[in-house]
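Structure first, commentary second.
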Amino acid sequence: MTTSPPEPVLLERLAARLGPRGFTADPVDIEPWTVDWRGRVRGQAAALLSPADAAETADVVAMCAAAGVAIVPQGGNTSMVAGAIPPADGSALILSTRRMRAIRSISAADGVAVAEAGVVLADLHAAAEAEGLRFPLSLAAKGSATIGGLISTNAGGTQVLRFGPMRALVLGIEAVLPDGSRFDGLTALRKDNRGYDLRQLLAGAEGTLGIITAASLRLLPAIGRRAVAWAGLPSPEAALALLRRLEAATGEAIESFELVPDDALQLVIRHIPGSRNPLAGAHPWHVLIEATAPAGAPDPADALGTALGAAIEAGLAGDAVIAANEKQADALWQLRENISEAERIDGVAAKHDVSVPVSAMPGFILSARKEVEARFPDVRVLAFGHLGDGNVHFNVRAPAGVAGPAWLADTAAAVSRMVHDLTVAAGGSISAEHGIGQTKLAEYARLASPARLAAQRAIKAALDPKGIMNPGKLVP
Ligand code: FAD
Ligand code: 2HG
Ligand code: ZN
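Just add 28 to wherever you are in the sequence shown, counting from 1, and you've got the numbering used here.
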């Protein structure tokens, strides 16, 4: 499937349909949207299309489909795998959801919000909170990541342990399919068994099967009280044992349990102003824990404090502190959420977003780190994140002092192959939550089973026979 470059006549028709607020061909306006968050992948586009609603989106997709011109959907452009970056040859147009930012409704009775694709996650959090409700998915990019992007990547984040990834929270979807037809699946039915589930096909499709314009999302009652703790630990094994102990002691209260190696904490302290170690002593590993309770229920800090005390007695943790107020709780979260930024400031890294069965993760972290550091001397493994989901970001930082671009060109691919081979050997996935995008495409093609690839290509060909939706991503 080859697409055609955009001809001036198509650009003129798109400009006429979208008007000056929805169309720009000015390279200065377009440039910031052609490079990924880490500045590693750069593309090119002749125009940036910003439709105001689903009707405009449908029209521009139909025009592009008729001309065989490719479209790259883009939300907040926080993809960790360059999923929203257009190809370097300029053959595609970017379609941004930045003007589709309305929260159409919030219903406490249904526990549902209907949000347009370009709504920023933090804005949805605030709107739900204003109604005494909550959207229980969060991640460090919440100030930019959009509902459309989060659904299209089936994003995870720091509350998956209790509420699942984005798929589990999407009740309905409104989308424009690759031929320009509109799919209205917004009705938030709790039960609907009419066969193939288009909503779940679009979730995690990375914009390769259509453009999501709005979604119905599950809301829960707002958190009544939360307790946020930081603990220093001897090992990842101790961390997993601690999680299971806390779950047994507090029921369903634990919703976040994030593993932080000391190297990551030190990076944050070095690069992010105002950061400090919450514990007096040094520990090789740390965890950030959040427990919550509904309004009127006992303070979760009590059960968490008792359970952490018992864990320290049992040698699972060396020390722990529970935030005394919301300001301290936020400061603990900042330590966790700034790891990516601190790592980025510090230098280059080969990033791996891997999952293995939860019980295997502690052993995997240690053995894979040993093997990688033995084969690539002086690299520094930084494995952090969602231990309770069996998902860590097994990032491998370039040796101190080497030229970043040269290391990325000479060594990073071999490092990634090794990490991914070890992951597959452990029964895991090379993309736990960020998706495949462009940066994982070759590795996905190398490691995925023929049956998986064939089925995926068949779905793509059936829904997007001209191959215009986000070519070069996800489907090798
Ligand atoms: P974009 O980056 O714009 O796009 C992502 C993909 O979705 C692309 O393939 C794009 O084409 C497609 N897309 C976007 N909008 C639409 C639409 N309306 N219809 C169809 N396709 C669309 N991810 C996690 O899972 N967990 C984390 O904890 C996490 N933490 C992060 C922390 C930082 C600091 C950063 C920078 C990123 C993090 N991410 C995380 C990755 C990223 O935030 C998520 O992948 C997020 O879902 C992307 O949303 P976005 O709006 O920025 O999408
Ligand atoms: C997180 O969990 C994100 O913080 C980003 O998924 C991970 O920077 C990374 O590798
Ligand atoms: Zn993550």
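Heads up, the beta-carbon is just placed ideally off N, CA and C, and yes, glycines get one too.
>> Can you list, in chain order, the residues of its chain with a C-beta nearer than 8 angstroms to that of V409? Leave out the 5 residues immediately preceding and following it.
In response: For this step, residue 409 is matched to residue 381 along the sequence shown. Closer than 8 angstroms at Cβ, skipping near neighbours: A396, R397, V400, E401, F422, N423, V424, R425.
> Listed in chain order, which residues are found with a beta carbon closer than 7 angstroms to a heavy atom of ligand 3?
Replying inline: L167, G184, G185, D381, G413, H414, N419, H421, E461
> Looking only at C-alpha atoms, which of V288, L469, V56 sits nearest to L360?
Replying inline: What you label residue 360 is simply residue 332 of the sequence shown in a count that begins at 1. Here the closest residue by C-alpha is V288.
>> If I measure Cβ to Cβ from I201 and keep anything under 8 angstroms in the same chain, skipping five residues before and after, which residues do I get?
In response: Sequence index remark: in the sequence shown, residue 201 carries index 173 (1-based). Around I201: I179, F211, G213, L214, L226, R227, L230, A231, I240, A242, A243, S244.
> Quick one, which of G184, V109, A370 has its alpha-carbon nearest R9's?
Replying inline: In this structure the chain extends from 29 to 504, so residue 9 is not present and cannot be described.
> Using a threshold of 7 angstroms, is the CB atom of A73 nearer than that to any non-hydrogen atom of ligand 1?
Replying inline: Counted from its first residue, the sequence shown places residue 73 at position 45. No, the Cβ of A73 stays beyond 7 angstroms of every heavy atom of ligand 1.
>> On the DSSP letters alone, give me the boundaries of the alpha helix (DSSP H) that G50 sits inside.
In response: Working through the sequence shown from its first residue, we reach residue 50 at position 22. Taken as a continuous stretch (DSSP letters only), the alpha helix (DSSP H) holding G50 covers 36-50.
> Going straight from the alpha carbon of G177 to that of G146, what length do you get?
Replying inline: Along the sequence shown, read from residue 1 onward, the residue named residue 177 stands at position 149. Along the sequence shown, read from residue 1 onward, the residue named residue 146 stands at position 118. Distance between the alpha carbons of G177 and G146 is about 8 angstroms.
> Looking at M194 and A183, is the spacing between their C-beta atoms short of 8 angstroms?
Replying inline: Position 155 of the sequence shown, counted from the start, is the residue given in the question as residue 183. Position 166 of the sequence shown, counted from the start, is the residue given in the question as residue 194. For A183 and M194, yes; Cβs fall inside 8 angstroms.
> Would you say the beta carbon of T31 comes nearer than 7 angstroms to a heavy atom of ligand 1?
Replying inline: The sequence position of residue 31 within the sequence shown is 3, counting from 1. No, the Cβ of T31 stays beyond 7 angstroms of every heavy atom of ligand 1.
> Tell me the DSSP bridge mates of R246?
Replying inline: The count along the sequence shown starts at 1 and reaches residue 246 at position 218. The partner list for R246 (beta bridge, DSSP) reads V140.
>> Suppose you measure from the CA of A319 to the CA of A388; what does that come to, to the nearest Å?
In response: Here residue 319 corresponds to residue number 291 of the sequence shown, with the count starting at 1. Here residue 388 corresponds to residue number 360 of the sequence shown, with the count starting at 1. The straight-line gap from Cα to Cα measures roughly 24 angstroms.
>> If you measure between the beta carbons of G309 and G343, is that distance less than 8 angstroms?
In response: To locate residue 309, count along the sequence shown from 1; it is residue 281. To locate residue 343, count along the sequence shown from 1; it is residue 315. Cβ atoms of G309 and G343: not closer than 8 angstroms.
> Among residues of its own chain, excluding the 5 on either side of A323, which ones have a beta-carbon nearer than 8 angstroms to its beta-carbon?
Replying inline: Counting from 1 along the sequence shown, the entry for residue 323 is found at position 295. Excluding sequence neighbours, A323 sits near P249, A250, G252, R253.
> Tell me which same chain residues have a C-beta within less than 7 angstroms of the C-beta of S444, skipping the five on either side of it?
Replying inline: One-based indexing of the sequence shown puts residue 444 at position 416. Same-chain partners within the cutoff: A378, H380, E471.
> Do you know offhand how far A73's Cα is from D438's?
Replying inline: The residue given as residue 73 occupies position 45 in the sequence shown. The residue given as residue 438 occupies position 410 in the sequence shown. Going from the Cα of A73 to the Cα of D438 covers about 29 angstroms.
> What are the partner residues of T320, as DSSP defines its beta bridges?
Replying inline: If you number the sequence shown from 1, residue 320 lands on position 292. In DSSP, T320 forms a bridge with R254.
> DSSP three-state call for R66: helix, strand or coil?
Replying inline: The residue you call residue 66 lines up with position 38 of the sequence shown. Of the three classes helix, strand and coil, the one that applies to R66 here is coil, per DSSP.
> Under a three-way DSSP split, which group does F191 fall into?
Replying inline: Stepping through the sequence shown from its first residue, residue 191 is reached at position 163. Helix, per DSSP.
> What is the rounded straight-line gap between the Cα of A143 and the Cα of D57?
Replying inline: Along the sequence shown, one-based indexing puts residue 143 at 115. Along the sequence shown, one-based indexing puts residue 57 at 29. The alpha-carbon atoms of A143 and D57 are separated by roughly 26 angstroms.
> Got a sec? Which residues, its chain only, sit under 8 angstroms from P328 by beta carbon, not counting five neighbours each side?
Replying inline: As a working note, residue 328 is residue 300 in the sequence shown. Within the same chain, P328 has close Cβ partners R253, R254, A255, T278, A281, A319, T320, A321.
> Distance, Cα to Cα, P312 vs A266?
Replying inline: Taking the first residue of the sequence shown as 1, we reach residue 312 at position 284. Taking the first residue of the sequence shown as 1, we reach residue 266 at position 238. Going by the C-alpha atoms only, they are around 11 angstroms apart.
> Could you give the distance in angstroms between the alpha-carbon of L316 and the alpha-carbon of S119?
Replying inline: Within the sequence shown, the letter at position 288 stands for residue 316. Within the sequence shown, the letter at position 91 stands for residue 119. Roughly 44 angstroms between the two C-alpha positions.
> Along the chain, where does the alpha helix (DSSP H) that runs through S133 open and close?
Replying inline: In the sequence shown, residue 133 corresponds to position 105, counting from 1. Per DSSP, S133 belongs to no alpha helix (DSSP H); it is in the beta strand (DSSP E), 131-135.
>> Quick check for students: name the residue ranges of the alpha helix (DSSP H) that lie wholly in the stretch 74-158, counting only runs of 4 or more.
In response: 82-95, 149-158
>> According to DSSP, simplified to helix, strand and coil, what is E280?
In response: Residue numbering aside, residue 280 sits at position 252 when the sequence shown is read from its first letter. Residue state, collapsed to three classes: coil.
> Given that a residue counts as buried once 16 or more other Cβ atoms are within 10 Å of its Cβ, and exposed if not, what is N498?
Replying inline: Locating residue 498 in the sequence shown gives position 470, where the first residue counts as 1. Result: buried.
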